[in-house]
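Novice: Dropping a structure here in structure tokens format, bear with me for questions.
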Amino acid sequence: MSMEKEATIRICTQLIKYLLDRHAEKVVVEIKSDERYRVTVSASVTLDEEEEEKLRSYLSTRPQEIGYYYLTLVGEYGAEEELTVAAMLVDELSVEYDKEERRLEISFRVR
Amino acid sequence: MNGSNGFLHSFVLYFFGWAFVLFGLLTVDLEHPKKFIEGLIEIVKAPDYLLTDYVQVGGLSAAFFNAGVLMLVFAHILKLLKMPITGISYASILTIGGFALFGKNIFNVWPIPLGVFLYSLYRGEPLQRYIYIGYFGTALSPFVSYVAFTLHANFFVRLFVSYLTGIVVGFFLPSLASHSLTLHKGYNLYNVGFTCGLMGTVIAAILRAYGVRIPTQSVWGGGNNLVLSAFLFSLFVFVFLIGWFSNGRSWKGYGKLIKHGGRLLTDFVILEGLPLTLMNLGILGTVSTLYVLAVGSELNGPTVGGIMTVAGFAALGKHPRNSLPVMAGVTLATITNSFKLASPNNVLAALFGTTVAPIAGEFGVLWGVITGFLHNALVNNVGFLHAGFNLYNNGFAGGLVAVFLIPIIKAVHKREDL
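The listed protein sequences derive, respectively, from chains A and B.
Each residue of the first sequence is one higher than the last, beginning at 1 in the working numbering.
Each residue of the second sequence is one higher than the last, beginning at 1 in the working numbering.
Written out as structure tokens, the structure reads:
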């Protein structure tokens, strides 16, 4: 399996676990395979301000090559800390959350 | 990273190296300058496998100069490669510096990172991806010295063969280190130490199969507690104060930092910022130094190396909440077993045993104490396997402890996500 494919699968697993741990009612994962994998994860989930801020903070981690070394840990637990490793492996990341609609959308491109 | 933060990151990255170099040069007065040069040569020539106290072998000034220079060079390589300076940067630099007081020197550290570099070229991937594996991989540096100074051949052949074997080891390290993570699942912070333990075990087994006798040694010095206490306490208080002032002279956020379990990759610089990380570093460094003194042991190359490693990993997963239970477990084991509290067996296990601190961080104090207890027994029995070639003996033992304990914890707690 190519490293990009493995990274895509693991990052998606990481996010799915994270969202299910926060009792997301619906999670939709869309993966477009172009030259690189483009992923959109949308979910119906309630995040309070602190949780939303934490999520944004973890996902704002800059892309870093060292993330590939820790790739095998991504998606193992869905824990907060691994979100930073997931963020190291992607670019063009955006996080949008509509509090009223309880709709979260995370999109990114796997590096 | 804004301007002032960028400056602070760079300052701290080089600070420890400069502090060690200056301390080394200042303490030259305590010895004869000629002895300083001779000390450096002795350090390079020493058979470095565990346990070799460079302060005892080459003197205080030569040992700290060696450690400081290595920290500065490796820190500067990170800057040249334009690496983001995060918790793993501080952990790796302080670990290299710490172990440069008992096993790594300006001669033997280069082949393994070079092997890692060749691996990245072979894979067509950036060196930045594997650089820290190369840094931590210098744990196997004693193997380079062993070949260089025991092979029966002329100098250039010995030099060539020793560097070549180090490069071969470094070449395969990244692949093995990535796989090792899947065994302990990030609960052993010294993952490359675990990997190097496996490699060292294979190397030692092959050598022994061909009748090579690898002697054991224990060079353990003492008598420097006063001067080294003053140095270490000044260092850690200074670092704590930098963090404290940068954090608005407050503890704000520290409670959140110690809530993290600490499993790899809990990079406190990324998660909680540099000021809180520096406060944590200062606290753990001070606590570790106090531990060595409290049990009546010696501040020397290995123990200061242990303290620096604990402090370094205060940027990458360790904090008092997850480290102290493990130290307590190691100490409890020593009180009840055949070792003495001030012995190298106990002190080094207590310091480096915090490699498995994430188990305490995630599962609580009791499991932390059990982990420390178990670690004490294992770490004093696995050194033979790799013949001391792997300086991170505790990383090797810690990996085994995690591999053994995690399924048991899973069974007890009925957790399926481990």
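The beta-carbon is built from N, C-alpha and C at its ideal position, and this holds for glycine as well.
Here the structure is a predicted model, which is why all the values come from computation and not from measurement.
Provide the residue(s) that pair with A:F108 in DSSP beta bridges, ordered along the chain.
Specialist: In the first sequence, residue 108 of chain A corresponds to position 108, counting from 1. Its beta-bridge partners are A:V39.
Novice: Between the C-alpha atoms of B:G243 and B:E272, what's the straight-line distance to the nearest angstrom?
Specialist: Looking up residue 243 of chain B in the second sequence gives position 243. Looking up residue 272 of chain B in the second sequence gives position 272. Roughly 12 Å between the two C-alpha positions.
Novice: Please list the partners that A:E35 has in chain B, where partner means a Cβ-to-Cβ separation under 7 Å.
Specialist: Walking along the first sequence from the start, residue 35 of chain A turns up at place 35. None at all; the shortest Cβ gap to chain B is about 17 Å.
Novice: Is the Cβ-Cβ distance between B:K35 and B:G68 less than 8 Å?
Specialist: Within the second sequence, numbered from 1, the residue matching residue 35 of chain B stands at position 35. Within the second sequence, numbered from 1, the residue matching residue 68 of chain B stands at position 68. In this structure, B:G68 does not lie closer than 8 Å to B:K35 by Cβ.
Novice: With a threshold of 8 Å, are at least 3 pairs of Cβ atoms found where one atom belongs to the stretch 263-281 of chain B and the other to the stretch 305-316 of chain B?
Specialist: Short answer: they touch.
Novice: Assuming B:F389 contacts B:F143 under a Cβ cut-off of 8 Å, what Cβ separation, rounded to an integer in Å, is found between them?
Specialist: Along the second sequence, one-based indexing puts residue 389 of chain B at 389. Along the second sequence, one-based indexing puts residue 143 of chain B at 143. About 4 Å; that satisfies the 8 Å criterion.
Novice: Excluding five sequence neighbours on each side, which residues of the same chain lie with their C-beta closer than 6 Å to the C-beta of B:P407?
Specialist: Working through the second sequence from its first residue, we reach residue 407 of chain B at position 407. Once the five neighbours on either side are set aside, B:P407 has no close Cβ partner at all.
Novice: Is the Cβ of A:E81 closer than 8 Å to any Cβ of chain B?
Specialist: One-based indexing of the first sequence puts residue 81 of chain A at position 81. Taking Cβ atoms only, chain B reaches closer than 8 Å to A:E81, which makes this a yes.
Novice: Return the CA-CA distance between B:Y122 and B:G115, expressed in angstroms with no decimal places.
Specialist: To locate residue 122 of chain B, count along the second sequence from 1; it is residue 122. To locate residue 115 of chain B, count along the second sequence from 1; it is residue 115. Rounded to the nearest angstrom, the two C-alpha atoms are 10 Å apart.
Novice: Three Cβ pairs or more, each shorter than 8 Å: is that satisfied between the stretch 239-253 of chain B and the stretch 272-281 of chain B?
Specialist: Verdict: yes, contact present.
Novice: Since B:S323 meets chain A, which of its residues come closer than 7 Å, beta carbon to beta carbon?
Specialist: Residue 323 of chain B sits at position 323 when you count from the first residue of the second sequence. Those do not exist, as B:S323 stays about 17 Å from chain A at its closest Cβ, beyond 7 Å.
Novice: Find out if the Cβ-Cβ distance for the pair B:V310, B:T354 is shorter than 8 Å.
Specialist: The residue given as residue 310 of chain B occupies position 310 in the second sequence. The residue given as residue 354 of chain B occupies position 354 in the second sequence. Yes.
Novice: Nearest-angstrom Cα distance between B:N2 and B:T86?
Specialist: Here residue 2 of chain B is taken as the residue at index 2 of the second sequence, counted from 1. Here residue 86 of chain B is taken as the residue at index 86 of the second sequence, counted from 1. With a pLDDT of only 48 at B:N2, under 50, the local geometry of the prediction cannot be trusted, and no value is derived from it.
Novice: Helix, strand or coil: how does DSSP classify A:E96 here?
Specialist: For the purposes of this step, residue 96 of chain A is taken as the residue at position 96 of the first sequence. Note: A:E96 maps to strand in three-state DSSP.
Novice: Quick check on B:V219: does DSSP put it in helix, strand or coil?
Specialist: Here the question's residue 219 of chain B lines up with position 219 in the second sequence. Note: B:V219 maps to strand in three-state DSSP.
Novice: So is B:S288 buried or exposed if we call it buried at 16+ other beta carbons inside 10 Å?
Specialist: Counting from one through the second sequence, the residue named residue 288 of chain B turns up at place 288. So B:S288 counts as buried.
Novice: Do B:N300 and B:W367 have their C-beta atoms within less than 8 Å of each other?
Specialist: Residue mapping note: residue 300 of chain B aligns to position 300 of the second sequence, counting from 1. Residue mapping note: residue 367 of chain B aligns to position 367 of the second sequence, counting from 1. Contact: no.
Novice: Under 8 Å between C-beta atoms, does B:L118 make it to chain A?
Specialist: Start at 1 with the first residue of the second sequence, and residue 118 of chain B comes out as number 118. No, because no Cβ of chain A sits closer than 8 Å to the Cβ of B:L118.
Novice: Roughly how many whole angstroms lie between the Cα atoms of B:Y392 and B:G306?
Specialist: Locating residue 392 of chain B in the second sequence gives position 392, counting from the first residue. Locating residue 306 of chain B in the second sequence gives position 306, counting from the first residue. For B:Y392 and B:G306, the distance between alpha carbons rounds to 10 Å.
Novice: Buried or exposed: B:A204, going by 16 or more other Cβ atoms within 10 Å of its Cβ?
Specialist: For this step, residue 204 of chain B is matched to residue 204 along the second sequence. B:A204 is buried by the Cβ-count criterion.
Novice: Short of 7 Å Cβ to Cβ, which residues in the stretch 63-77 of chain A face chain B?
Specialist: Listed in sequence order: Q64, E65, I66, Y68, Y69, Y70, T72, L73, E76 and Y77.
Novice: Assuming B:F396 contacts B:F194 (C-beta within less than 8 Å), just tell me the rounded distance between them.
Specialist: Your numbering for residue 396 of chain B matches position 396 in the second sequence. Your numbering for residue 194 of chain B matches position 194 in the second sequence. Right, the Cβ-Cβ distance comes to about 5 Å (below 8 Å), so this counts as a contact.
Novice: Interface residues of chain A around B:Y130 at Cβ under 9 Å?
Specialist: As a working mapping, residue 130 of chain B is identified with position 130 in the second sequence. Neighbours of B:Y130 on chain A, chain order: E65, I66, Y68 and Y69.
Novice: To which residues does DSSP link B:T52 through a beta bridge?
Specialist: Locating residue 52 of chain B in the second sequence gives position 52, counting from the first residue. Bridge partners of B:T52: B:V219.
Novice: What is the rounded straight-line gap between the Cα of B:S234 and the Cα of B:P320?
Specialist: Counting from one through the second sequence, the residue named residue 234 of chain B turns up at place 234. Counting from one through the second sequence, the residue named residue 320 of chain B turns up at place 320. The alpha-carbon atoms of B:S234 and B:P320 are separated by roughly 20 Å.
Novice: Counting only Cβ-Cβ distances shorter than 8 Å, please list the residues of the stretch 167-190 of chain B near chain A, keeping chain order.
Specialist: Under the 8 Å Cβ criterion, the stretch 167-190 of chain B contributes P174, A177, S178, H179, L181, T182, K185 and G186.
Novice: Would B:G124 be called buried (16 or more neighbouring beta carbons within 10 Å of its own) or exposed?
Specialist: To locate residue 124 of chain B, count along the second sequence from 1; it is residue 124. It is exposed - the Cβ of B:G124 has fewer than 16 other Cβ atoms within 10 Å.
Novice: Starting from A:V85, find everything on chain B with Cβ-Cβ shorter than 8 Å and list it in chain order.
Specialist: Within the first sequence, numbered from 1, the residue matching residue 85 of chain A stands at position 85. The contacting residues are L265.
Novice: Which complete alpha helix (DSSP H) runs does the stretch 12-78 of chain B hold, if anything under 4 residues is left out?
Specialist: Complete alpha helix (DSSP H) runs here, min 4: 33-45 and 54-58.
Novice: B:A153: buried (16+ other C-beta within 10 angstroms of its C-beta) or exposed?
Specialist: In the second sequence, the residue the question calls residue 153 of chain B occupies position 153. Result: exposed.
Novice: Along chain A, which residues have their Cβ under 9 Å away from the Cβ of B:H260?
Specialist: As a first step, residue 260 of chain B is located in the second sequence; it is residue number 260 there, counting from the start. What B:H260 touches in chain A: E80 and E81.
Novice: Ends of the alpha helix (DSSP H) at A:K5?
Specialist: Translated into the one-based positions of the first sequence, residue 5 of chain A becomes position 5. Note, A:K5: alpha helix (DSSP H), M3 to D21.
Novice: Leaving out five residues before and five after B:S10 in sequence, what residues of the same chain have Cβ atoms less than 8 Å from its Cβ?
Specialist: The residue given as residue 10 of chain B occupies position 10 in the second sequence. K79 and I85, listed in sequence order.
Novice: Helix, strand or coil, according to DSSP, for B:I88 in the structure here?
Specialist: Locating residue 88 of chain B in the second sequence gives position 88, counting from the first residue. Three-state result, B:I88: helix.
Novice: Would B:Q56 be called buried (16 or more neighbouring beta carbons within 10 Å of its own) or exposed?
Specialist: If you number the second sequence from 1, residue 56 of chain B lands on position 56. By the neighbour-count rule (16 or more Cβ atoms within 10 Å), B:Q56 is buried.
Novice: Output needed for B:T52: all residues of its chain with C-beta closer than 7 Å, excluding positions within five of it in sequence on either side, in chain order.
Specialist: Taking the second sequence and counting its residues from 1, the one referred to as residue 52 of chain B is at position 52. Cβ within range, chain order: A46, F102, G103, Q217 and V219.
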